[in-house]
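Here is the structure we will look at.
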Amino acid sequence: MNSEFKPENLAWIILLLPLLSAVLITLGARRDARLSAVLSISAVGISFVGSIGLYILVGAMEVGKAYSTAVTWLDIPGTQGLQIPLILLVDRLSLMMLLVVTGVGLLIHIYSAGYMREDPGRARYFGCLSLFMFSMLGIVLASNFVMMFIFWELVGVSSYLLIGFWHERPAAADAAKKAFLTNRVGDFGFLLGILLLWSASQGRIDFEALQAKVSVNPGVFGAMAGLAGLLIFCGAVGKSAQFPLHVWLPDAMEGPTPVSALIHAATMVAAGVYMLCRIFFIYLATPAWPASMAFLGNVTALDIIAWVGAITALLAALMAIQQNDIKRILAYSTLSQLGYMVMAVGLSKTAAGSTTAIFHLITHAFFKALLFLAAGSVILAVHHEQDIWKMGGLRQRMPATHWTLLIGTLALCGVPPLSGFYSKDAILALAWEHHRPLFVVGVATAALTAFYMFRLYFVALLGKARSDQAGHAHESKAVMVVPLVLLAVGSVVMGLVGVERYLVGGALEVTGWQTALLAPFHHAPTAAFAGLGAAAAGVLAAWALYGRAASDPLPGLLGPVAHAMAQRFYFDEIYAWLIRCTHEALSYVADWFDRWIVAGLLVKGAEGTSVLLGWGLRLLQTGHVQFYAFLFAAGLAVMLWWALR
Amino acid sequence: MGIGLQHYLAVSALLFCIGLLGVVLRRSLLVIYMSLELMLNAANLAFVAFSRFRGDLDGQVMVFFIITVAAAEVAVGLALIVALYRRRQTVQAEDLASLKL
């Protein structure tokens, strides 16, 4: 080949291979589950290799430089025209995300081959999984708002298909619908924000152009800057399940466990945070509110974002304390960690600062995927029992799962030298520096995190078997255990390879790991020790209450508060009530309209008018010829008078 | 003062109105028929008067046509009345109201 090989073409291969796999599976390989699995796994595998290749080729590019390649999608000519090309943007941020998404995705694909081995629909499963990979990679590589929105919705569709994978179960079908509709609410705000930015910037929607505009003139969006930022954040509220749109994520656990790992822990829900970091320059515009929102005063969009994240983190941690389903505990944990990431975005003052959120996103992807996959291993071993109070005693029976789950738990709780410690500490340091109340919330949430995670560990894995199924558990097959081990390795080392350093221009390497090991204690000792202390307090409290518990002691101690936590603070009930009220009001109005206007005025009115007219005209039909002749003459007289007046 | 066009037209109009009143107000079919003929002849008078006072014969040619048509009409109409009498044994207009709704 004599044409020059351009790195950006590799991006097309990375993006389109999973789509090809999805198309082939849907159109051809549906009957052959094994072929579907092979197609899907190899597509992701090649994408992963491609991402590594991209890293080797262009990984050392400067910050702010990007490789891109374009295909024109929409071209409306004219001065008021619109050109929307599909451009794949490869810069440091998207390269990092590509590696994480394809890497974790590959491990989860391999795990799925084992987990779904007996499921009759697994060809469809791998097809949906490939569709999801394509959509997620599209979000990572998107370079303008419209492209991102397209793939945003595609990811929502894939999520719907995968949550409702076992669609014969009404709970799964309802959960899929709920996820999609809740996301739609967020996407509505997202779309409004895109339109607002499009109009405020005279028709530009691609990130590079907008970023240039803002850096040249920070006041370019005028009074709409804060509102646009807030509306775009709505998209992240929906996709990343922030309060108040968090209700869909725990229900999404109705899907298969690898789906929960991939979509609802590692990648899709992180798309919201990724998007916020991508378009962070919007929040660097001069803060301003339109006149009707002037009551917000000095509060900026970033402040609101930080608080929403903090509230989500704390609320989800509280709800997790009283959940008994292993997947739901992990779901609330995901919600809580997403709250941390969003809080980190809100606390960033510069675009460089938003790398903290991405750091936590990456470490979270590893250990949360690990936790979910380990939970899946446990669930399969105890024959699809998900209540932690029916597990127990798995430490001896499932050693590999046990150790990897423990590593994941320690990483999540922020225990050094595991990766979670460094990323969480970065967030706490940011909060300590900029906004003390948020620091308190962060530390409290860290304590709660340690508490509920070790509650899960002590109850589900240690102690004696609490049921027959737990007593007969045995370790899972290698195809499931190997990804667990690899993810555990990732959870351990990701904190030490310098992710944040890479994103701001440094290199991704392990050479400095000895200094990196204890760096937080030198740079921001308050945050590091506070985080460590909170984690220790949580573990001790969990040990005290659940170390040897046969049943949950917390309802006895906290009474109605514990009950509220177990009922997830009644959010689902409140939302259902709200929707029902709106529905009923609307149906009352529609019924009134149908009854009185359509049936009454229009239908019966037409009938009555015809009847009246008929009565009147009938009076003229007397049957007497002389009367008719008289009418002739009278009519003629009237016409003559009218013509001659 | 001489007899002008307007006098003839006034007579014609009067005749027409008398005929019209007869059609509307009389009860016997034959009298209604005669009144109808009176109306036609009133029109004839108007046409002839116009022809005399314009100095050409167009009006009188029209009268020829009208007389012919009236004659044919009378023939047909009387045949209808005879047939009607044979059927209904009456020539009173108020008895013939079977088209009433």
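Protein chains in written order, with the working numbering: chain L, 1 to 645; chain V, 1001 to 1101. Even for Gly, the Cβ is constructed at its ideal location relative to N, Cα and C.
Counting along the chain, the unbroken beta strand (DSSP E) around Val90(L) starts and ends at Leu82 to Val90.
Its Cα nearest to that of Arg124(L), the residue Leu161(L) stands out among Val157(L), Leu161(L), Ala142(L) and Ile46(L).
DSSP, reduced to helix, strand and coil, places Asn144(L) within a strand of the structure shown. Counting only the Cα atoms, Ser348(L) lies some 21 Å from Ser419(L). DSSP places Thr72(L) within a strand segment (E or B) once states are collapsed to three. Judged by beta-carbon spacing, Met133(L) lies within the 8 Å limit of Gly105(L), meaning their Cβ atoms are closer than that value. Given a length threshold of 4 residues, each whole run of the alpha helix (DSSP H) inside the region 1 to 63 of chain L is given here in chain order: 7 to 27 and 33 to 58. Contact between Phe281(L) and Leu210(L) holds: their C-beta atoms lie close to 7 Å from each other, under 8 Å.
Per the coordinates, the alpha-carbon of Tyr1085(V) lies some 40 Å from the alpha-carbon of Asp1058(V). Uninterrupted alpha helix (DSSP H) stretches at least 4 residues long and entirely within the region 1019 to 1076 of chain V occur at 1029 to 1054, given in chain order.
Judged by DSSP secondary structure, Pro555(L) falls within the alpha helix (DSSP H) whose first and last residues are Leu554 to Leu558. Contact check for Ala317(L) and Thr445(L): beta-carbon distance about 5 Å, within the 8 Å limit, so the pair qualifies. Shown in chain order are the members of the region 1021 to 1053 of chain V whose Cβ falls below 7 Å from a Cβ of chain L: Val1023 and Val1024. The DSSP-derived three-state label of Asp325(L) is strand. Taking the Cα of Leu249(L) as reference, the smallest distance to any Cα among Asp174(L), Leu57(L) and Leu230(L) is reached at Asp174(L).
Contacts with chain V at 8 Å (Cβ-Cβ) include Gly623(L). From the listed residues Ala634(L), Asp425(L), Gly235(L) and Val497(L), the smallest Cα separation to His523(L) is found for Asp425(L).
Assignment of beta-bridge partners to Gln1092(V) by DSSP yields Ser1028(V).
Taking Cys1017(V) as reference, the option from Arg1087(V), Leu1036(V), Leu1030(V) and His1007(V) with the minimal CA-CA separation is Leu1036(V). For Thr334(L) against Lys368(L), the beta-carbon gap comes to about 6 Å, under 8 Å, which counts as contact.
Counting every other CB atom within 10 Å of its CB across the protein chains shown gives Glu500(L) a total of 16 or more, marking it as buried. In the structure shown, Asp119(L) adopts coil according to DSSP, grouped into three states. Less than 8 Å separates the beta-carbon of Leu380(L) from that of Ser476(L). Neighbourhood of Ala629(L) in chain V, by CB distance below 9 Å: Leu1020, Val1023, Val1024 and Ile1032, in chain order. The shortest C-alpha to C-alpha distance from Gly1019(V) to any of Tyr1008(V), Tyr1033(V), Gln1006(V) and Phe1064(V) is the one to Tyr1033(V). Any Cβ of chain L closer than 8 Å to the Cβ of Leu1101(V) would place that residue at the interface, and such an atom is present.
One finds His624 in chain L with Cβ atoms closer than 7 Å to the Cβ of Glu1094(V), taken in chain order.
For Ile194(L), the uninterrupted alpha helix (DSSP H) segment begins and ends at Pro170 to Ala200. From the beta-carbon of Ser1098(V), the residues of chain L found nearer than 9 Å are Gly623.
Counting only residues of its own chain and dropping the five nearest sequence neighbours on each side, Ser21(L) has a CB closer than 7 Å to the CB of Leu39, Ser40, Ala43 and Ser130. For the options Trp592(L), Ala375(L), Ala411(L) and Leu82(L), the alpha carbon positioned closest to that of Met494(L) is the one of Ala411(L). Against chain V, a Cβ distance below 9 Å from Ala633(L) picks out Leu1020, Val1023 and Val1024. The distance from the Cβ of Ala465(L) to that of Gly393(L) is about 4 Å, consistent with a contact at the 8 Å cut-off. DSSP places Glu208(L) inside the alpha helix (DSSP H), whose first and last residues are Phe207 to Val216.
Scanning its chain for C-beta atoms nearer than 8 Å, with the 5 sequence neighbours on each side dropped, one finds around Leu1005(V) the residues Ala1049, Phe1050 and Phe1053, in chain order.
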